[in-house]
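Data block below; observations after.
In full-length UniProt numbering, the protein residues as written are 1 to 383.
This is the structure we're talking about:
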């Protein structure tokens, strides 16, 4: 049950984009490209099976999203499921839909990702029917990383043994409970998450969505600049960043800030945020998580649930907490200031912590980050 190497999994995450064109052309090109990359030494691409799925919040198109191949040689008895990322406008619109649905293990997940996965699930089940692989490798980039994550969740719920997950520049797929559940179910050693520090797609959707794994094999690769960069999302950027490194050589998971460090960041003007700084957005996300936890301790019925939009729920919980506790009220005001500065907008002279106003501020933040993620996805389209 040896994992794929970082280079192998990155090549697969790049190679799977060829299934988009395979809808209207021969499958031979996919096998030829796999041979060129040296992937045919491990998997039989001559008998590749392709899955088609539906994506798009407005333009709903059915296109090739994934393939499945059997292992050969040293990987005899294994299976590879590879999922492509977002490479059309129809797909990009899916990523902007941040509602909640119950995923394969019943935990709440991103509704847009889950709708796309559900359109693939029948093909995945057909791939698995009558087979009992020793290991299933689930690989994906961008939206493909989210689909690979949901596939890993689905397969583990079916009792498939040896499921391994590899993602590159993946968005957050589900809520924190989902991330904890899947991390525990697969085992942290069987999950490999790779992302550039400035990749905007890895920053969406915002809290309460969470990355998998919660802790463990996370590979944060520093980007060359401090600002969020759509170029950091390209697989053509990930491949040279990874090179021939081992997983151990890539592991780097930033330590989350302590509660007191978040308080200092919120209170201090000397820690002023840089416009569209990746580090600032990370701190905004951590501060939001921290304040929601504080508010949840005093607000009855504060759990994030299905049926109400996520931003409405976050705004409601924070405002209720602010009404009860002055410390939370002051911190929420400070967070709003940080968000305005991150967005490069003038800070209002007075800030009233109302549900309507906070919902508007959170929507500004979410739209700005999603717009940057969409830019990154369009770069993938053109590459």
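Beta carbons: idealized from backbone N, C-alpha and C, even for Gly. Nothing here was measured: the structure is a model prediction, and the numbers come from that model.
- Item | Any 3 or more C-beta pairs closer than 8 Å across the stretch 309–323 and the stretch 284–298 | At 8 Å Cβ cutoff, the stretches touch.
- Message: I need the boundaries of the beta strand (DSSP E) containing residue 83, first residue and last residue.
- Response: Start at 1 with the first residue of the chain shown, and residue 83 comes out as number 83. Looking at the DSSP string, the run of the beta strand (DSSP E) that includes residue 83 is 78–83.
- Task: Can you tell me which of the three DSSP states residue 238 falls into?
- Result: Translated into positions along the chain shown, residue 238 becomes position 238. Correct three-state label for residue 238: helix.
- Going straight from the alpha carbon of residue 82 to that of residue 137, what length do you get? For this step, residue 82 is matched to residue 82 along the chain shown. For this step, residue 137 is matched to residue 137 along the chain shown. Going by the C-alpha atoms only, they are around 8 Å apart.
- Query: Would you report the Cα separation of residue 33 and residue 176, rounded to the nearest angstrom?
  - Reply: For the purposes of this step, residue 33 is taken as residue 33 along the chain shown, with counting starting at 1. For the purposes of this step, residue 176 is taken as residue 176 along the chain shown, with counting starting at 1. Taking the straight line joining both Cα atoms gives about 38 Å.
- Message: Need the endpoints of the beta strand (DSSP E) that residue 166 sits in, please.
- Response: Along the chain shown, one-based indexing puts residue 166 at 166. Element bounds for residue 166: 163–168.
- Message: Can you tell me whether residue 377 is buried or exposed? The criterion is at least 16 other CB atoms within 10 Å of its CB, across all chains shown.
- Response: Working through the chain shown from its first residue, we reach residue 377 at position 377. By the neighbour-count rule (16 or more Cβ atoms within 10 Å), residue 377 is buried.
- Task: Determine the DSSP secondary structure at residue 276, reduced to helix, strand or coil.
- Result: Numbered from 1 along the chain shown, position 276 holds the residue referred to as residue 276. It is coil, neither helix nor strand.
- Taking the alpha carbon of residue 107 as the point to measure from, which residue in 178, 113, 369 has its own alpha carbon closest? In the chain shown, counting from the first residue as 1, residue 107 sits at position 107. Ranking 178, 113, 369 by Cα distance to residue 107 puts 178 first.
- Message: Let's see if you can read the secondary structure: which residues bound the beta strand (DSSP E) around residue 110?
- Response: Within the chain shown, residue 110 is the residue found at index 110, counting from 1. Residue 110 -> beta strand (DSSP E) spans 108–110.
- Item | Reference residue 43; option with closest CA among 69, 65, 189 | Numbered from 1 along the chain shown, position 43 holds the residue referred to as residue 43. Among 69, 65, 189, the Cα nearest to that of residue 43 belongs to 69.
- Tell me whether residue 23 is buried or exposed, calling it buried when 16 or more other Cβ atoms sit within 10 Å of its Cβ. Within the chain shown, residue 23 is the residue found at index 23, counting from 1. Since pLDDT at residue 23 reaches only 47, below the 50 mark, its modelled position is unreliable, and no value is offered.
- Between residue 88 and the rest of its own chain, which residues show a CB-CB distance below 6 Å, the 5 nearest in sequence each way excluded? Position 88 of the chain shown, counted from the first residue, corresponds to residue 88. At residue 88, the pLDDT of 44 sits below 50, so the modelled position is not reliable; the number obtained from the coordinates is stated separately. Taken in chain order, the list of residues that qualify is empty.
- Task: Would you kindly report the start and end of the unbroken alpha helix (DSSP H) that includes residue 264?
- Result: One-based indexing of the chain shown puts residue 264 at position 264. Looking at the DSSP string, the run of the alpha helix (DSSP H) that includes residue 264 is 259–267.
- Query: Can you pull the DSSP bridge partners for residue 135?
  - Reply: Position 135 of the chain shown, counting from 1, holds the residue named residue 135. Its beta-bridge partners are 78.
- Item | Residues of its chain near residue 245, where Cβ-Cβ distance is below 7 Å and the 5 sequence neighbours each way are ignored | If you number the chain shown from 1, residue 245 lands on position 245. Once the five neighbours on either side are set aside, the close Cβ partners of residue 245 are 6.
- Task: Between the Cα of residue 103 and those of 151, 190, 208, spot the shortest distance and give me the residue it belongs to.
- Result: For the purposes of this step, residue 103 is taken as residue 103 along the chain shown, with counting starting at 1. Checked all of 151, 190, 208; the closest Cα to residue 103 is 151.
- Query: Would you say residue 40 and residue 139 are within 7 Å of each other, going by their C-beta atoms?
  - Reply: Position 40 of the chain shown, counted from the first residue, corresponds to residue 40. Position 139 of the chain shown, counted from the first residue, corresponds to residue 139. Not a contact, by the Cβ cut-off of 7 Å.
- Tell me whether the beta-carbon of residue 167 lies closer than 7 Å to the beta-carbon of residue 110. In the chain shown, counting from the first residue as 1, residue 167 sits at position 167. In the chain shown, counting from the first residue as 1, residue 110 sits at position 110. Residue 167 is not a Cβ neighbour of residue 110, given a cutoff of 7 Å.
- Query: Taking DSSP as the reference, what is the three-state secondary structure of residue 374?
  - Reply: Against the chain shown, residue 374 aligns to sequence position 374. Residue state, collapsed to three classes: helix.
- Message: So, with DSSP's three-state summary, where would you put residue 11?
- Response: Here the question's residue 11 lines up with position 11 in the chain shown. Residue state, collapsed to three classes: helix.
- With 16 other CB atoms within 10 Å as the buried threshold, where does residue 369 fall? Your numbering for residue 369 matches position 369 in the chain shown. Looking at its Cβ environment, which holds 16 or more other Cβ atoms inside 10 Å, residue 369 is buried.
- Query: Can you find at least 3 beta carbon pairs, one from the stretch 326–344 and one from the stretch 192–199, that sit closer than 8 Å?
  - Reply: no
- Message: If you follow the alpha helix (DSSP H) that residue 345 is in, where does it begin and where does it stop?
- Response: Here the question's residue 345 lines up with position 345 in the chain shown. Careful: residue 345 lies outside any alpha helix (DSSP H) and carries neither H nor E.
- Query: What separation, rounded to the nearest whole angstrom, lies between the Cα atoms of residue 92 and residue 260?
  - Reply: On the chain shown, position 92 is the one that residue 92 refers to. On the chain shown, position 260 is the one that residue 260 refers to. With a pLDDT of 44 at residue 92, under the threshold of 50, the modelled position of that residue is not reliable, and the figure given next carries that caveat. Roughly 38 Å between the two C-alpha positions.
- Item | Of the listed residues 354, 347, 294, nearest to residue 327 (C-alpha basis) | Counting from one through the chain shown, the residue named residue 327 turns up at place 327. If we check each option's Cα against that of residue 327, 294 comes out closest.
- Query: DSSP on residue 68, reduced to helix/strand/coil?
  - Reply: Counted from its first residue, the chain shown places residue 68 at position 68. Three-state result, residue 68: strand.
- Item | Residue range of the unbroken alpha helix (DSSP H) whose run includes residue 211 | The sequence position of residue 211 within the chain shown is 211, counting from 1. Looking at the DSSP string, residue 211 is not in any alpha helix (DSSP H), and its letter there is neither H nor E.
- If you drop the 5 nearest sequence neighbours on each side, which residues of the same chain put their C-beta closer than 6 Å to that of residue 332? Within the chain shown, the letter at position 332 stands for residue 332. Here the set comprises 318, 322, 353.
- Query: What are the boundary residues of the alpha helix (DSSP H) that residue 100 is part of?
  - Reply: As a position in the chain shown, residue 100 is number 100, starting the count at 1. That residue, residue 100, is in no alpha helix (DSSP H); its beta strand (DSSP E) goes 100–102.
- Does DSSP classify residue 46 as helix, strand or coil? As a working mapping, residue 46 is identified with position 46 in the chain shown. In this structure, residue 46 counts as strand in the three-state DSSP scheme.
- Would you kindly work out how many angstroms separate the C-alpha atoms of residue 11 and residue 180, rounded to a whole number? For the purposes of this step, residue 11 is identified with residue 11 of the chain shown, where counting begins at 1. For the purposes of this step, residue 180 is identified with residue 180 of the chain shown, where counting begins at 1. Going from the Cα of residue 11 to the Cα of residue 180 covers about 28 Å.
- Run through DSSP, which three-state label would residue 218 get? In the chain shown, counting from the first residue as 1, residue 218 sits at position 218. When secondary structure is reduced to three states using DSSP, residue 218 falls in the strand class.
- Message: What does DSSP give as the partner residue(s) for residue 175 in the beta ladder?
- Response: For the purposes of this step, residue 175 is taken as the residue at position 175 of the chain shown. DSSP output for residue 175 lists 209 as bridge partner(s).
- Item | residue 256 versus 282, 161, 170, residue with shortest Cα-Cα distance | The residue given as residue 256 occupies position 256 in the chain shown. Considering only alpha carbons, the answer is 282.
- Item | Buried or exposed (CB count within 10 angstroms, at least 16 for buried), residue 170 | In the chain shown, counting from the first residue as 1, residue 170 sits at position 170. The residue in question, residue 170, is buried, as its Cβ has 16 or more Cβ neighbours within 10 Å.
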